[in-house]
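If you use our numbering, the sequence shown corresponds to residues 1 to 207, in order.
By construction, the Cβ of each residue, glycine as well, lies at the ideal position given by its N, Cα and C atoms.
No experiment lies behind these values; they were computed from the predicted model shown.
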Amino acid sequence: MTALVVAGIVGLVTAAIFLGSGPGGGDAAGAQTGPGGFTYQVGEPGAGEPAPPIQLPAASGGSFDLADARGETVLLYFQEGLMCQPCWNQLTEIESHWGRFEQLGIDRIVTITTDPLGALGQKVQLEGITSTVLSDVDKQVSPAYDTLAYGMMGGSHNGHSFVVVGPEGDIVWRADYGGAPDYWMYLPVDALLNDLRAGLNGDSEGA
């Protein structure tokens with residue numbers, strides 16, 4: 001009986017961690033399947049809303065201010081961070097196919113995790129990453145985008161969210177893949193491009 005009780009408690013704790021917290025994070029009701037074949041939710045702020053400010057230190061040195069990117073179309077990639085190798089595989093694959101993103105009008109990608117700056121710098125060097133990677137260790141930005149709600153870590157880390165910010169500073173597309181029901185932490189670049197293309201063309205709910 002004791003073993004059963006312990007097993008039940010462990011199961012409940014595990015489920016709580018897996019489902020995460022916050023609006024939408026553990027609720028599959030709002031999920032949709034994009035043209036790429038992967039499920040995602042669409043959090044807030046969403047398309048048509050101003051993108052919250054971003055001023056964070058970069059792993060490669062210096063800092064990044066989203067306001068300085070006015071006139072550009074920026075793909076924000078909120079991801080789980082150092083503990084999630086598939087998340088980094090996602091980024092390196094995006095970089096390998098960057099020309100295809102440029103064809104859709106994307107000017108740059110900026111990745112945001114809640115990991116400390118020093119550890120991120122080491123990871124960026126190890127993976128040979130050339131794009132901007134930001135440390136939101138104090139959670140100054142992620143809560144404003146509500147990306148902590150769409151993951152498996154109970155609100156402590158981002159999940160796997162993509163947000164496109166247009167030249168005027170407004171969000172034009174969003175997809176939170178890291179939430180219920182499937183908690184994706186990687187999707188093939190073709191699938192991401194298909195969803196992104198549909199969203200930018202206004203053919204999905206993320207747009």
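Looking only at its chain, what residues have a beta carbon closer than 6 Å to the beta carbon of residue i, apart from the 5 residues adjacent to it on each side?
i: Ala-31; result: Thr-39, Gln-41, Pro-181
i: Arg-174; result: Val-42, Gly-46, Val-163, Gly-206
i: Cys-84; result: Met-185
i: Ala-144; result: Pro-52
i: Asp-176; result: Tyr-40, Gln-41, Gly-43, Tyr-150, Ser-161
i: Ala-69; result: none
Starting from residue i, trace the alpha helix (DSSP H) in both directions and tell me its first and last residue.
i: Arg-174; result: Per DSSP, Arg-174 belongs to no alpha helix (DSSP H); it is in the beta strand (DSSP E), 171-176.
i: Pro-122; result: Looking at the sequence itself, residue 122 is Gln, so the reference to Pro does not match. Element bounds for Gln-122: 117-127.
i: Pro-86; result: 85-96
i: Ser-142; result: 142-145
Please confirm whether residue i and residue j have their CB atoms less than 7 Å apart.
i: His-157; j: Gly-81; result: yes
i: Met-100; j: Val-74; result: Reading off the sequence shown, one finds Arg at residue 100, where the question assumed Met. No. Outside cutoff.
i: Asp-170; j: Pro-50; result: yes
i: Phe-78; j: Ile-112; result: yes
i: Val-137; j: Pro-167; result: no
i: Leu-76; j: Val-110; result: yes
How is the beta strand (DSSP E) around residue i delimited, first residue to last?
i: Val-164; result: 160-165
i: Arg-211; result: The structure shown has nothing for residue 211, since the chain only spans 1 to 207.
i: Pro-57; result: 55-57
i: Val-189; result: From DSSP, Val-189 is part of no beta strand (DSSP E) but of the alpha helix (DSSP H) over 189-200.
i: Leu-134; result: 132-135
i: Thr-114; result: Here Thr-114 belongs to no beta strand (DSSP E), and DSSP marks it neither H nor E.
i: Phe-38; result: Looking at the DSSP string, Phe-38 is not in any beta strand (DSSP E), and its letter there is neither H nor E.
i: Ser-63; result: 63-65
Can you find the residues in the same chain that come closer than 8 Å, C-beta to C-beta, to residue i, ignoring five residues on each side of it along the sequence?
i: Gly-151; result: Gly-20, Gly-25, Glu-80, His-157, Asn-158, Gly-159, His-160, Gly-178, Gly-179, Tyr-183
i: Leu-200; result: Leu-104, Gly-105, Val-164, Val-172, Trp-173, Ala-207
i: Gly-128; result: Thr-92
i: Pro-86; result: Met-185, Tyr-186
i: Glu-72; result: Asp-107, Arg-108, Pro-167
Within the same chain, show all residues whose beta-carbon is closer than 7 Å to that of residue i, passing over the 5 residues directly before and after it, in chain order.
i: Val-189; result: Glu-93, Ile-94, His-97
i: Ala-191; result: Gly-36, Gly-37, Phe-38
i: Gln-55; result: Ser-63, Asp-65
Would you say residue i lies against chain D (beta-carbon separation less than 7 Å)?
i: Pro-50; result: Absent from the structure: chain D. Only one protein chain is present.
Open item on the list: Measuring CB atoms only, is the segment 190-197 touching the segment 108-122, in the sense that at least three cross pairs come out at less than 8 Å?
Closed with: Touching, no.
TODO: Take every Cβ of the segment 53-61, pair it with every Cβ of the segment 129-138, and state whether three or more of those distances are shorter than 8 Å.
DONE: Contact holds: three or more Cβ-Cβ distances are below 8 Å.
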